[in-house]
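Novice: Sequential numbering from 1061 applies to the sequence shown in the numbering used here.
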Amino acid sequence: MEDQEKVIEREDPKTDGAKLALISKWHKQLRDAKNHHREAFQRIREDMDYALKGKSKEWNNDKYVANIIQRHINQAVANLYAKNPRAVAKRRTRLEYRLWDGDQMSLMQASQSAMMTAQAGVAPDPNAMMLIEDVQAGQQQKDMMDKLAKTLEILFHYYLDEQQPNFKRQMKQVVRRAKVCGVAYLKLGLQRIMEKRPEYASQIADVANQIARIEAISADVADGEIQEDDAKVEELKIMMEELQAKELIVAREGVVFDFPRSTEIIVDPKCRHLNGFIGATWVCHEMAMTADEIKEVYEKDIGKNYTHYNPDNPDQRVYTEEKEDDRNLALVWEVWDKDTGTCFTVVDGYKDWLKEPATPDVMLERFWPFFTLTFNDIEDEEEIYPISDVSILRPMQDEYNRSRQGLREHRLANRPKYAVARGRLEEEDKDILANHPANAILELNSMVAGETVDQLLQPMRGVPIDPALYETNSLFEDILRTVGTQEANLGGVSGATATETSIAENSRSASLASNVDDLDDMLSELARATGQLMLLELSQETVMKIVGPGAVWPEFSRAEISEELFLEVRVGSSGRPNKAAELANLERAAPTILQIPGISPVWFAKQVLERLDETGLDIEEAIIEGMPSMIAQNQLAGNPEPATGDAESDPAQQGGEGSANAAENRTQAGPQPSFPTTVN
């Protein structure tokens, strides 16, 4: 095997001076950046631990804890992300017509002129023909772009549904992470056929990961790195048999979404704001991977030539040269460098590239594939990480725990107890008095004849509990003033009037609406970038397979893609809708809308269905262009009586539903004419 070429690169890296200097420079730069953000990352980890336990580390486990923070976080997530968003593809507003001014009268005159000249057999007016051709070309362009927009919508929702793990659950975790840690990230990626991704939560369900594992172990066997009696050989055999037993091997490509932890994104210390990474020249995604995982993804064996990472103590960033740990974890740094427009991957301590600098696979107009979600944004010249809800609520949570623990201790101290002169009771008497059964007759050795129990034992009076010492209403007032959650949202109220509760709820709803807006902005930005990525990277064959033969997928340049179309998320589509209020508003506006000339019935039907939360229905299946309404069909089904001019007998004089009052319709029985109920 020594004379054969290795299947996987395994030799120690032999890097030249300039290349090694650049890699070492990035190693130092990334370590320095982690140290720069050390306090923020430490605060994030403490907030996660505090939200989990509802107490600080100094608070003993046997003390009273009521985790109010957890309830607040869960309610916030339920209100902010109730369902997956609905993306709508839109083309930018443009003036598509060079000659036509948009006036229908001028177009009608040009059409009539062309028709009359054609009937007369004379040459048409060239100006009229140019106008008609201009309108036709512009309309064709609009129709094509509208159909492309529909194709993009179908693709976007398809990849949301195909995301593994479930996109909705992952997005709810993103909202929860933003509330607990102060910041959360979503990373947009691209999965190619038969390619394994390094991220743990970014994939389309297929066999790519399984095949990558088979290839890595097969390479180790071919290179003589493992022996025939190694456990990995048996693992290879089992996976090969399982893969061969499958009737259909699915390998897919498309857009994927990853959800890195808040401490796994290292930002350039020059960054002034996390939303959009303003001022940053690079952003790094840190991943802890084993040597075997690196081998599967990057097809490179780093051996032991790296700095071993100890995850048991991430606060102190402990690194050791010992490699006895079975996990053999290494820190993989995927860096997006905006200055050079490249993306590369290095391993801490490894003196070579895992992936050399090159144009990113995910090339977006905004460059960064990371999308940031924050709710408590601040303005500080030194700290860019916003404070979390957990940090804000920690003083109230601690005080609540102390108040309840004090009340518990007071109740315990007030339990019945008695005093006796020292030495009067024997140990046996004490045990009898403390642990006697019900209705027992007690014989005490210490009592003398004629002595009463009251003379021997003196009951001790407890200190009455003052409720004012342990009240918690003021704590809930502080919670309302800091994070907007009132006591009624966490449980029953204590003495609050209906008016006070209503005012507090209105204030909370306003704050919640702002958070929903932040979430929708992030999702809209994600949808727009996803649309650009799909237009650039997806093949027409893949699109046709997903969308259908009616899909439109022309080839565009990068400039045309960024300028022509964009995807946006409907405002409030991810939050919990207020159906009652929206339906009430629609009912009040409907009479006026229905009287406006030219209002599209299709548009109005969409508005009704959206407020019924039935956005999954296909409006095209329900609407037949040119078909009268159901009421009009029912009116036409009968034989209306001839007009008489009399308001009492003429249905035409009785309003929009007058034909339904015709005598024949009221009395005639028997089968009625049928109308189409389905659309092919």
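Backbone N, C-alpha and C fix where the C-beta goes; we use that ideal spot for every residue, glycine too.
1. Looking at the structure shown, is GLU1486 part of a helix, part of a strand, or coil, going by DSSP?
2. Residues bridged to GLY1249 by DSSP?
3. Quick check on TRP1428: does DSSP put it in helix, strand or coil?
4. Is it right to say LYS1383 is buried, meaning 16 or more other beta carbons lie within 10 angstroms of its own, or is it exposed?
5. First and last residue of the alpha helix (DSSP H) that includes ASP1458?
6. Start and end of the beta strand (DSSP E) containing HIS1042?
7. Once DSSP output is grouped into helix, strand and coil, what is the label at GLY1632?
8. Determine the DSSP secondary structure at TRP1086, reduced to helix, strand or coil.
9. Can you tell me whether ARG1588 is buried or exposed, with buried defined as 16 or more other CB within 10 angstroms of its CB?
10. How many whole angstroms separate the CB atoms of THR1432 and LEU1334, which I take to be in contact at a CB cut-off of 8 Å?
11. Using CA coordinates, which residue listed in THR1590, ILE1192 and ASN1495 is at the minimum distance from LEU1036?
12. Can you have a look at ILE1659 and say buried or exposed, based on whether 16 or more other CB atoms are within 10 angstroms of its CB?
13. If you count every other CB in all the chains shown that lies within 10 Å of the CB of ASP1375, and 16 or more means buried, which is it?
14. Leaving out five residues on either side along the sequence, give the residues of the same chain with a beta carbon under 6 Å from the beta carbon of ARG1158.
15. Measuring alpha carbon to alpha carbon, tell me which residue in ALA1136, TYR1141, GLN1199 and VAL1406 is nearest LEU1167.
16. If you reduce the DSSP assignment to three classes, tell me which class TYR1530 lands in.
17. Determine the direct distance from the alpha carbon of THR1434 to that of ALA1238, and round the result to whole angstroms.
18. Counting beta carbon pairs with one atom in the segment 1436-1453 and one in the segment 1230-1249, are three or more of them shorter than 8 Å?
19. At a cut-off of 6 Å, would you count LEU1654 as near the ligand SAM, judging by its Cβ distance to the nearest heavy atom?
20. Is it right to say VAL1182 is buried, meaning 16 or more other beta carbons lie within 10 angstroms of its own, or is it exposed?
21. Give every residue of the same chain whose Cβ lies closer than 8 Å to the Cβ of ALA1078, excluding the five residues on either side of it in the sequence, and list them in chain order.
22. For ALA1244, which option in ASN1139, LEU1583, VAL1523 and PRO1184 has the closest C-alpha, if you only look at C-alpha atoms?
23. Give the DSSP bridge partners of ASP1397, in chain order.
24. In terms of residue numbering, what span does the beta strand (DSSP E) encompassing ILE1326 cover?
25. Can you tell me whether PRO1519 is helix, strand or coil according to DSSP?
26. With which residues is LYS1415 paired in a DSSP beta bridge?
27. Taking GLN1655 as part of the alpha helix (DSSP H), name the residues at either end of that continuous run.
28. Helix, strand or coil: which one does DSSP assign to TYR1157?
29. Expressed to the nearest angstrom, what Euclidean distance is found between the alpha-carbon atoms of GLN1251 and GLN1169?
30. Can you give me the Cβ contacts of ARG1484 inside the same chain, cut-off strictly under 8 Å, excluding the 5 residues immediately before and after it?
31. Determine the direct distance from the alpha carbon of LEU1529 to that of LYS1123, and round the result to whole angstroms.
32. Just mark ASP1107 as buried or exposed, buried being the case when its beta carbon has 16 or more other beta carbons within 10 Å.
33. With DSSP as the reference, please indicate the residues paired to HIS1333 in a beta bridge.
34. If we ignore side chains and look at the alpha-carbon of each, how far apart do TRP1119 and ARG1462 end up?
35. Pairing CB atoms from the segment 1467-1487 with CB atoms from the segment 1510-1524, are three or more of them under 8 Å?
36. Three or more C-beta pairs under 8 Å: does that hold for the segment 1173-1193 against the segment 1217-1232?
Specialist: Straight from the coordinates:
1. Here DSSP, grouped into helix, strand and coil, assigns GLU1486 to coil.
2. Note: GLY1249 sits in a beta bridge opposite VAL1316.
3. Here TRP1428 carries a coil assignment [DSSP, helix/strand/coil].
4. With a pLDDT of 49 at LYS1383, under the threshold of 50, the predicted position of this residue should be treated as unreliable, and no value is reported.
5. Boundaries of the alpha helix (DSSP H) harbouring ASP1458: 1449-1473, taken from the DSSP string.
6. The shown model of the chain, from 1061 to 1740, leaves out residue 1042, and the question about it has no answer.
7. Because the pLDDT at GLY1632 is just 49, under 50, the model does not fix this residue reliably, and the value given afterwards should be weighed accordingly. Three-state DSSP puts GLY1632 in coil, outside helix and strand.
8. Residue state for TRP1086 is assigned as helix, using DSSP reduced to three classes.
9. Residue environment: ARG1588 is assigned as buried (16 or more neighbouring CB atoms within 10 Å of its CB, all protein chains considered).
10. In this structure THR1432 is in contact with LEU1334, their Cβ atoms being roughly 5 Å apart against a cut-off of 8 Å.
11. Absent from the structure is residue 1036, since the part of the chain shown begins at 1061 and ends at 1740.
12. Sixteen is the threshold: since fewer than 16 other Cβ atoms of the shown chains lie within 10 Å of the Cβ of ILE1659, the residue is exposed.
13. With a pLDDT of 48 at ASP1375, under the threshold of 50, the predicted position of this residue should be treated as unreliable, though the coordinate-derived value follows. Burial is judged here by how many other beta carbons sit within 10 angstroms of a residue's own beta carbon; ASP1375 has fewer than 16 and is exposed.
14. Non-local C-beta neighbours of ARG1158 in its own chain, meaning closer than 6 Å and more than five positions away in sequence, comprise ASP1194, ordered along the chain.
15. Closest by alpha carbon: GLN1199.
16. Helix at TYR1530.
17. When rounded, the distance between both Cα atoms is 6 Å.
18. Counting Cβ pairs under 8 Å, three or more are found: they touch.
19. This structure does not include the ligand SAM; it has no bound ligands of any sort.
20. That one is exposed.
21. Hits under 8 Å: none found.
22. Out of ASN1139, LEU1583, VAL1523 and PRO1184, LEU1583 has the C-alpha closest to the C-alpha of ALA1244.
23. For ASP1397, DSSP records a beta bridge to TRP1342 and THR1402.
24. First-last of the beta strand (DSSP E) with ILE1326: 1325-1327.
25. DSSP places PRO1519 in strand when its eight states are reduced to three.
26. Within the DSSP bridge table, the entry for LYS1415 names THR1405 as partners.
27. It is not in any alpha helix (DSSP H) - GLN1655 carries neither H nor E in the DSSP assignment.
28. In the structure shown, TYR1157 sits in coil (DSSP, three-state: anything other than H, G, I, E or B).
29. Cα to Cα, the separation comes out at about 54 Å.
30. Excluding residues within five positions, the ones whose Cβ falls inside 8 Å are SER1506 and LEU1516.
31. If you draw a straight line from the Cα of LYS1123 to the Cα of LEU1529, it comes to about 18 Å.
32. That one is buried.
33. Partner(s): ILE1338.
34. The straight-line gap from Cα to Cα measures roughly 9 Å.
35. Enough Cβ pairs lie closer than 8 Å, so yes.
36. The segment 1173-1193 makes no contact with the segment 1217-1232: fewer than 3 CB pairs, one atom from each, lie closer than 8 Å.
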